[in-house]
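Going left to right, the sequence shown walks through residues -22 to -1, 1 to 194 as mature numbering (1 follows the signal peptide of the UniProt record, and there is no 0) numbers them. Glycine is no exception: its CB is placed at the ideal position from the N, C-alpha and C atoms. Have a look at the structure below before the remarks.
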Amino acid sequence: MKMTLCWMSLMLLSCSFSSVAPSHSTCSCNVSIEVQCPNMTEKEMTFDLFRDGDVISQVKCVREKNATLKCERQPLRVGVDLQKDRHHNSVSFLVTKSRCGLYQCEGTVVFPPPMVKVPSVLRIKVLEGLPCTCSEDGGNPGDDPGDDPDQRLVWIWIVVVAFLSIYGVTVTAIAVVYWVKLRNTDTHSDYINTKPRVSRERRKKKGVQKPIPRHF
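Next comes the structure, spelled out in structure tokens:
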């Protein structure tokens, strides 16, 4: 029972670590990166570009009757540009002179109410290192997923939990086999102890037999 509770605790702990691991792509400084904003269908909205939790650029967009977005370019920081997809349904920030940090786009519904903030799923971490190109699925072409420290932490927890699970199952199986053997031994001993014994006098009488006289 205690071993089962230990397994459950370890599994929950590993799941909590894997769930809080952020989904982000890693790039190097001084390269152009595209920070995708969440796809929103409301009529009026604003998009904020964050770097390490601070707003560095903002844009306000209105959805027209043909479902395309018309965005008002507010003063953007040098090295930041606004992009739209070919159907003008979603926007993204193009950072041409990236600095080290964690970039993320957050959308805010202005109309219709209520005002709701919608953060993007993808976050881009810019680090010092060799140039790379971020792919739209949140990974880097040619990069090894194991290079991400958060990803390595998740894999370490998976290996630890798997090892402890195998160890726990093995110990439990050995304990069950030992318990069954011990129980069978105790049962046999109880049977021997409770078996009635033949008295010595009875055995003597059984061993000495008197001849029966025969009359003709």
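Hey, valine 73 and isoleucine 152: beta-carbon distance below 8 Å or not? Against a cut-off of 8 Å, the Cβ pair of isoleucine 152 and valine 73 comes out as no contact.
Span of the beta strand (DSSP E), counted from its first residue to its last, around valine 87: Note, valine 87: beta strand (DSSP E), 79 to 89.
Could you pull the DSSP bridge partners for cysteine 39 from this structure? Paired residues: Met23, Cys49.
Element boundaries [beta strand (DSSP E), containing valine 58]: Its beta strand (DSSP E) spans residues 58 to 62.
Cβ atoms of glutamine 36 and cysteine 83: under 8 Å apart, would you say? Going by C-beta atoms, cysteine 83 is not nearer than 8 Å to glutamine 36.
The beta strand (DSSP E) enclosing leucine 105, as first and last residue numbers: Its beta strand (DSSP E) spans residues 101 to 105.
Taking 8 Å as the cut-off, decide whether the C-beta atoms of methionine 23 and valine 88 are in contact. At a Cβ-Cβ threshold of 8 Å, methionine 23 and valine 88 count as neighbours.
Please state if the CB of glutamate 50 and the CB of lysine 38 are separated by a distance shorter than 8 Å. Yes; because the gap between Cβ atoms is below 8 Å, this pair is in contact.
Considering only C-alpha positions, which residue in the set Phe71, Arg41, Trp157 is nearest to glycine 57? Selected option, being the one with the closest Cα: Phe71.
Out of curiosity, what's the CA-to-CA distance linking tyrosine 156 and alanine 140? Computed Cα separation, rounded: 24 Å.
Per-residue DSSP class, three states only, for serine 10: In the structure shown, serine 10 sits in coil (DSSP, three-state: anything other than H, G, I, E or B).
Looking only at its own chain, which residues have a Cβ that is under 8 Å from the Cβ of glutamate 20, when we skip the five neighbours before and after it? If we look at glutamate 20 and ignore the five residues flanking it on each side, its Cβ neighbours are Arg41, Val87, Val88, Phe89, Pro90.
Which value, in whole angstroms, describes the spacing of the CA atoms of glycine 85 and arginine 130? Per the coordinates, the alpha-carbon of glycine 85 lies some 31 Å from the alpha-carbon of arginine 130.
Does tyrosine 81 pass the burial test, meaning 16 or more other C-beta atoms within 10 Å, or should it be called exposed? Burial call: buried.
Rounded to a whole number of angstroms, what is the C-alpha to C-alpha distance between arginine 77 and lysine 95? Near 25 Å, if we compare the C-alpha coordinates of lysine 95 and arginine 77.
So, valine 69 versus leucine 105, is the Cβ gap smaller than 8 Å? Not a contact, by the Cβ cut-off of 8 Å.
Bridge partner(s) assigned by DSSP for arginine 29: Bridge partners of arginine 29 according to DSSP: Asp32, Tyr81.
For asparagine 17 and alanine 45, believed in contact at Cβ under 8 Å, the rounded distance: Taking 8 Å as the upper bound for CB-CB distance, alanine 45 and asparagine 17 are not in contact here, some 12 Å apart.
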